[in-house]
């Protein structure tokens, strides 16, 4: 898959939507923080993999 500005924006909006959904569907604050942290970690790993692939 090619990383065009449009696809990057789509990825970001998907991540933000996912974060919102998690916040809406979980009651416990700590639970939300933990899930968001996991999402961000996953996103960082994905970005790192993309960068490695681009080199």
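Numbering (the numbering used here), first residue to last: 739 to 793.
Note that the Cβ used here is the ideal one computed from N, Cα and C, for glycine as well.
Sequence-distant residues of the same chain with beta carbon closer than 7 Å to residue i, five excluded per side
i, result
"residue 782", "none"
Alpha-carbon spacing of residue i relative to residue j, whole angstroms
i, j, result
"residue 748", "residue 772", "24 Å"
"residue 788", "residue 751", "18 Å"
"residue 746", "residue 755", "14 Å"
"residue 743", "residue 759", "24 Å"
CB contact flag (residue i, residue j, <7 Å)
i, j, result
"residue 761", "residue 770", "yes"
Chain-order list of residues whose beta-carbon lies under 6 Å from that of residue i (same chain, five-residue window excluded)
i, result
"residue 774", "757"
Contact set for residue i: own chain, Cβ-Cβ below 8 Å, skip 5 residues either direction
i, result
"residue 753", "777, 781"
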